[in-house]
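Residue numbers (this note's numbering), protein chains in the order written: chain P, 3 to 313; chain Z, 33 to 580.
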């Protein structure tokens, strides 16, 4: 298992290098620069600023020195938030975003798996059609629509929950988590329905039935483990997606997370910030994919033993 | 009253294409200590009948339309699911055909074994985990699992096929059922393992005075163990009587056909092998594969010696049988000769010219001269190509036909393999298993090859269809002057078709001889074992064989 992880991490190095290079040259090829938006700045000031951040050097030199910094874990200073480094900014925004992503994932897993399993137990009946139609709706519904609707209904109309904020009023984390998690819940519902249907048609489920086991026991003990493997494989990309995709929800609910830095950075041509966030998210995506692959491997005894010996 | 009394059972499948009467008015009974065999070909309704007793059929499409199944006086067909869970695994247990797919790959076999005990629907009879485990280990020991306590925590993939079926049997017996249903329990197993499993079931039945329902398509297996037999065909009972009456005094035309279809005795066609230069010469062939089965094997770059130093030759016109149990390397020999797998060392010559080591483009002209028929006609035909396309492809590829005569050539092939010309625009799924194998044979003979390697060509077919396909193969060999290597685990089939036989074990040839000489006088103990394990479709001699 360790060897498997090590190999996968080795493969991640060229991937990250490509991501960094592509992003680096793309942002530099976009028109304008970090200081061109500011009005009435004398050219000599801009030159001084550019010299301070090494922007006056040839592009390839900037590229090499940036790579060198990244290797040491230094994502550089932000061009817009003067005096603060990208590392600091990420560290400031990450806790809220990570917490939101975790709650959203919890919502997605609980709703998604129960809907999928229920649907798979009686395929092609109302018990299947109802949750699956809801799932379709959940996939189609963008969070910038769902968020305001939830705010209107539960925040303003019913006055059950706070309409914005993060950690200020009890219960203000519920609506953002549901808004962000719904789309993923829908995907997970469809994946777990597919996986469970496949497993429930297996001969060994018939064997379990023939042994006289009760239906709940068959579902939870015999079917769930195999049926949820597609879900487990989806967890990695999903979690990375939740972390990187929470911008809209953070904006709606005024959450001090990472999302707003990312979008602001793009508008500001804050080169180091864009690059830093991209590298950070790319690393997260690779890591979470690896984790979910390892979990899927571990769930299957045959693969577990084969991989286990490699460590 | 008997332990189980089934009366007028009717099960229909309501499908999009209409109602299929899977089981239509079936009645039988079986009592403690008795063995009832239900015999029939695929689609006869024998498994559906038995699954309905434990409510294991998918409903819909299946629907029980009538009849009763009284078990100890209580109707199994109309009882509640809760009541049914009491019967399942406790009073009535079942063993399925394929022990690999019937065991849960995610749960250790020990855990699967004790489930009926620790989750017993009757709470008073539930055992603790420790007691249940003790009982399970004892039972594993009884069904012949060596080192049972250590194997208790293993998973299904860590057992061989025969051992898995033993685990299945232990699982079925763990609550001391009064009725054991065996659904083709030995069909997926080698003949020597089959003999052991049958013996085991017999012993366990006698010890526990169980009633056994034994579902099989193999009359040889049935002859030795059944007290009574019912023969099913297309959902109805064609004949129900004691075993000897069915085998010796049947008046039913279908039963007669079934009995006549069993390949028996020697090859009736003359040996056409020519003297002189052999068509195929294999010398010191070794085909090794990398072993990925266990972590240790992979770490040490171990190899599986699928074929280990095999030398053989096939004369022109000869039919050479190659027999062995699963894993003996017989299929790999076939594929190595055809150059379908890379060989490790050794050489293969076709008509005196070495063909091993040629590149795939150099092999093209040779491929036309040697063809292969595969085991499973369901998997080996492209489902998206019509029969016409399948047959035309090799003809065009090898430049054997042009647009003027291609239609006629394909029609000729259809005639050759006994398929209606009109059906050549159909797709494989529109044909039955036997017809599909005819298509595969047509595809193989299309290029007018000199050599055909047939790898278990009739194993996936029903016994009456098997007989027809074997006769077709013999007929084609004669008409097209073919040389053939016939690979099979079924010794009766090999005897029926081959002039000479090679026996393989663990990658090596261990014995060879003219078919009849070998049958009369096998030298190696392995061959003796193999031959003596063949069940005979004759109750008297089969019982003598079993008791000896």
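Glycine included, every Cβ here is placed at the ideal spot set by N, Cα and C.
Task: Host alpha helix (DSSP H) of residue 82 of chain Z (start-end) - done: Unbroken alpha helix (DSSP H) run through residue 82 of chain Z: 78 to 85.
- [ ] Check whether the Cβ atoms of residue 211 of chain Z and residue 258 of chain Z sit closer than 8 Å, and answer yes or no.
- [x] Not a contact, by the Cβ cut-off of 8 Å.
Task: the segment 201 to 220 of chain P: positions lying closer than 9 Å to chain Z by Cβ - done: Cβ contacts with chain Z: 203, 204, 205, 206, 207, 208, 209, 210, 211, 212, 213, 214, 215, 216, 217, 219.
TODO: Determine, using beta carbons only, whether residue 333 of chain P and residue 61 of chain P come nearer to each other than 8 Å.
DONE: For chain P, the structure presents residues 3 to 313; residue 333 of chain P sits outside this window and is missing.
Open item on the list: Please report the distance separating the alpha-carbon of residue 79 of chain P from that of residue 275 of chain P.
Closed with: Between residue 79 of chain P and residue 275 of chain P, the C-alpha separation is close to 8 Å.
- [ ] State the Cα-Cα distance for the pair residue 88 of chain P and residue 90 of chain Z, rounded to the nearest angstrom.
- [x] A straight-line Cα-Cα distance of about 60 Å links residue 88 of chain P and residue 90 of chain Z.
Open item on the list: So for residue 541 of chain Z, helix, strand or coil by DSSP?
Closed with: In the three-state scheme derived from DSSP, where H, G and I count as helix and E and B as strand, residue 541 of chain Z is classed as strand.
Open item on the list: What does DSSP give as the partner residue(s) for residue 274 of chain Z in the beta ladder?
Closed with: For residue 274 of chain Z, which the question treats as bridged, DSSP gives the partners Z:260.
- [ ] For the alpha helix (DSSP H) holding residue 549 of chain Z, just list the boundary residues, first then last.
- [x] Annotation for residue 549 of chain Z: the continuous alpha helix (DSSP H) segment containing it runs 547 to 552.
Open item on the list: For the structure I just gave you, are there three or more beta carbon pairs, one from the segment 395 to 406 of chain Z and one from the segment 474 to 488 of chain Z, closer than 8 Å?
Closed with: In the pairwise beta carbon analysis, the segment 395 to 406 of chain Z is classified as touching the segment 474 to 488 of chain Z: at least three pairs are separated by under 8 Å.
TODO: Excluding the 5 residues preceding and the 5 following residue 203 of chain Z in the sequence, name in chain order all residues of the same chain whose CB lies nearer than 7 Å to its CB.
DONE: These residues qualify, in order along the chain: 144, 145.
TODO: Look at the Cβ atom of residue 548 of chain Z, then the Cβ atom of residue 535 of chain Z, and state whether they are nearer than 8 Å.
DONE: Not a contact, by the Cβ cut-off of 8 Å.
Task: Identified DSSP bridge partners for residue 50 of chain Z - done: DSSP lists Z:47 as partners of residue 50 of chain Z.
Open item on the list: Against chain P, does residue 322 of chain Z count as a neighbour if the rule is that its beta carbon must be under 8 Å from one of theirs?
Closed with: Taking Cβ atoms only, chain P never reaches closer than 8 Å to residue 322 of chain Z, which makes this a no.
Open item on the list: When you compare the CB of residue 311 of chain P with every CB in chain Z, is at least one pair closer than 8 Å?
Closed with: Only weak support is given to the placement of residue 311 of chain P: the predicted model assigns it a pLDDT of 45, under 50, and the question is left unresolved by the model.
Task: residue 83 of chain Z versus residue 245 of chain Z: straight-line alpha-carbon distance, rounded - done: Rounded to whole angstroms, residue 83 of chain Z and residue 245 of chain Z show a C-alpha spacing of 12 Å.
Task: Cβ of residue 547 of chain Z within 8 Å of any chain P Cβ - done: Chain P contact via Cβ: absent.
Task: chain P contact for residue 173 of chain Z (CB, 8 Å cutoff) - done: Taking CB atoms only, residue 173 of chain Z has no neighbour in chain P less than 8 Å away.
Open item on the list: Once DSSP output is grouped into helix, strand and coil, what is the label at residue 301 of chain Z?
Closed with: Three-state result, residue 301 of chain Z: coil.
- [ ] Quick one: using the 10 Å Cβ neighbour count with 16 as the cut-off for buried, is residue 43 of chain Z buried or exposed?
- [x] Its Cβ being crowded by 16 or more others within 10 Å, residue 43 of chain Z is buried.
Open item on the list: Mapping the DSSP letters down to three states, classify residue 320 of chain Z as helix, strand or coil.
Closed with: Strand at residue 320 of chain Z.
Open item on the list: From the DSSP secondary-structure annotation, give me the bridge partner or partners of residue 39 of chain Z.
Closed with: Residue 39 of chain Z is bridged to Z:100.
Open item on the list: With a threshold of 6 Å on Cβ separation, who are the neighbours of residue 408 of chain Z within its own chain once the five nearest residues in sequence on each side are excluded?
Closed with: A distance below 6 Å between beta-carbons, with the five flanking residues on each side excluded, links residue 408 of chain Z to the following residues of its chain, in chain order: 492.
TODO: Give the DSSP-derived three-state secondary structure of residue 266 of chain Z in the structure shown.
DONE: Per DSSP, reduced to three states, the secondary structure at residue 266 of chain Z is coil, with no helix or strand assignment.
Task: CB contact below 8 Å: residue 217 of chain Z versus chain P - done: No, residue 217 of chain Z lies away from the interface with chain P (no Cβ there is under 8 Å from its Cβ).
Open item on the list: Let's test the definition: count the other Cβ atoms within 10 Å of the Cβ of residue 151 of chain P and tell me whether it reaches 16, buried, or not, exposed.
Closed with: Exposure of residue 151 of chain P is indicated by the presence of fewer than 16 other C-beta atoms within 10 angstroms of its C-beta.
- [ ] Report back the beta-carbon spacing between residue 315 of chain Z and residue 379 of chain Z to the nearest angstrom; my notes put them in contact at under 8 Å.
- [x] Rounded to whole angstroms, the Cβ separation of residue 315 of chain Z and residue 379 of chain Z is 5 Å, and the two are in contact under 8 Å.
TODO: Would you please verify whether the beta carbon of residue 120 of chain Z is less than 8 Å from any beta carbon of chain P?
DONE: Yes - at least one Cβ of chain P is within 8 Å of the one on residue 120 of chain Z.
Open item on the list: I need the boundaries of the alpha helix (DSSP H) containing residue 335 of chain Z, first residue and last residue.
Closed with: Segment 335 to 346 is the beta strand (DSSP E) holding residue 335 of chain Z; no alpha helix (DSSP H) there.
- [ ] Report yes or no: do three or more beta-carbon pairs, one from the segment 293 to 303 of chain P and one from the segment 134 to 144 of chain Z, lie closer than 8 Å?
- [x] Below 8 Å, enough C-beta pairs join the segment 293 to 303 of chain P and the segment 134 to 144 of chain Z to call them touching: three or more.
Open item on the list: Within 10 Å of its beta-carbon, does residue 416 of chain Z have 16 or more other beta-carbons around it, so buried, or fewer, so exposed?
Closed with: Taking all protein chains in view, the Cβ of residue 416 of chain Z is surrounded by fewer than 16 other Cβ atoms within 10 Å, so the residue is classified as exposed.
Open item on the list: Helix, strand or coil for residue 312 of chain P? Go by DSSP, reduced to three states.
Closed with: The predicted position of residue 312 of chain P is uncertain, since its pLDDT is 40 and thus under 50; a value taken from the coordinates is nonetheless stated next. In the structure shown, residue 312 of chain P falls within a coil segment according to DSSP collapsed to helix, strand and coil.
Task: Cut-off 8 Å between Cβ atoms - residues of its own chain near residue 312 of chain P, not counting five sequence neighbours on either side - done: Any answer about residue 312 of chain P is weak, because its pLDDT of 40 lies below 50 and its placement is not dependable; what the coordinates show is given next. Around residue 312 of chain P, the same chain offers 3, 4, 5, 6 as residues with beta carbons nearer than 8 Å, after the five sequence neighbours per side are excluded.
Task: Closer than 9 Å at the beta carbon, the chain Z residues around residue 228 of chain P - done: Chain-ordered, the chain Z residues with CB closer than 9 Å to the CB of residue 228 of chain P read 136, 137, 138.
Task: Inter-residue spacing [alpha-carbon to alpha-carbon] between residue 574 of chain Z and residue 220 of chain Z - done: When rounded, the distance between both Cα atoms is 21 Å.
- [ ] Excluding the 5 residues preceding and the 5 following residue 233 of chain P in the sequence, name in chain order all residues of the same chain whose CB lies nearer than 6 Å to its CB.
- [x] Here residue 233 of chain P has 190, 193, 194 as same chain residues with Cβ atoms under 6 Å from its own Cβ, once five neighbours each way along the sequence are excluded.
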